[in-house]
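S.K.:
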Amino acid sequence: MNRLSKTMMALVLGGASSLTLLNQFLHEEEGDRTHAYRDAGGVWTICKGLTHVNGKPVKPGMVLTPAQCDRLDR
Numbered sequence: 163m164n165r166l167s168k169t170m171m172a173l174v175l176g177g178a179s180s181l182t183l184l185n186q187f188l189h190e191e192e193g194d195r196t197h198a199y200r201d202a203g204g205v206w207t208i209c210k211g212l213t214h215v216n217g218k219p220v221k222p223g224m225v226l227t228p229a230q231c232d233r234l235d236r
């Protein structure tokens, strides 16, 4: 099992909201990739672990801007 990062510990001890904690966790574990990639399970994924964008599955070659990822991740 992985230990919590210093950032996560600071957020927890500071009383951060569950949404803030989730966003930080996803950033640390999934990253924020703007190009489609296969996750560990072989599923096409983009941004912070999204498998669908606007109701459609992520496909090879799909590229989004960081701003698009931010909007979709909310």
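Letter by letter, the sequence shown follows residues 163 to 236 in our numbering.
By construction, the Cβ of each residue, glycine as well, lies at the ideal position given by its N, Cα and C atoms.
Going by Cα to Cα distance, which pick from K210, L166, P219, A172 is closest to A229?
M.R.: Your numbering for residue 229 matches position 67 in the sequence shown. Among K210, L166, P219, A172, the Cα nearest to that of A229 belongs to K210.
S.K.: With DSSP collapsed to three states, give me the class of L226.
M.R.: As a working note, residue 226 is residue 64 in the sequence shown. Three-state DSSP puts L226 in coil, outside helix and strand.
S.K.: Contact defined as beta carbons within less than 8 Å: I believe L175 pairs with Q186. What is the distance between those atoms, to the nearest angstrom?
M.R.: In the sequence shown, the residue the question calls residue 175 occupies position 13. In the sequence shown, the residue the question calls residue 186 occupies position 24. The Cβ separation is near 13 Å, so there is no contact.
S.K.: What does the Cβ neighbour count give for V220, buried or exposed, with the cut at 16 atoms within 10 Å?
M.R.: Translated into positions along the sequence shown, residue 220 becomes position 58. V220 is buried by the Cβ-count criterion.
S.K.: Tell me which residue opens and which closes the beta strand (DSSP E) that A198 is part of.
M.R.: As a position in the sequence shown, residue 198 is number 36, starting the count at 1. Segment 195 to 200, the beta strand (DSSP E) holding A198.
S.K.: Within 10 Å of its beta-carbon, does A198 have 16 or more other beta-carbons around it, so buried, or fewer, so exposed?
M.R.: As a first step, residue 198 is located in the sequence shown; it is residue number 36 there, counting from the start. A198 sits buried, since 16 or more C-beta atoms from the chains shown fall within 10 Å of its C-beta.
S.K.: Label T207 either buried or exposed according to how many other C-beta atoms from any shown protein chain fall within 10 Å of its C-beta, with 16 as the threshold for buried.
M.R.: As a position in the sequence shown, residue 207 is number 45, starting the count at 1. It is buried - the Cβ of T207 has at least 16 other Cβ atoms within 10 Å.
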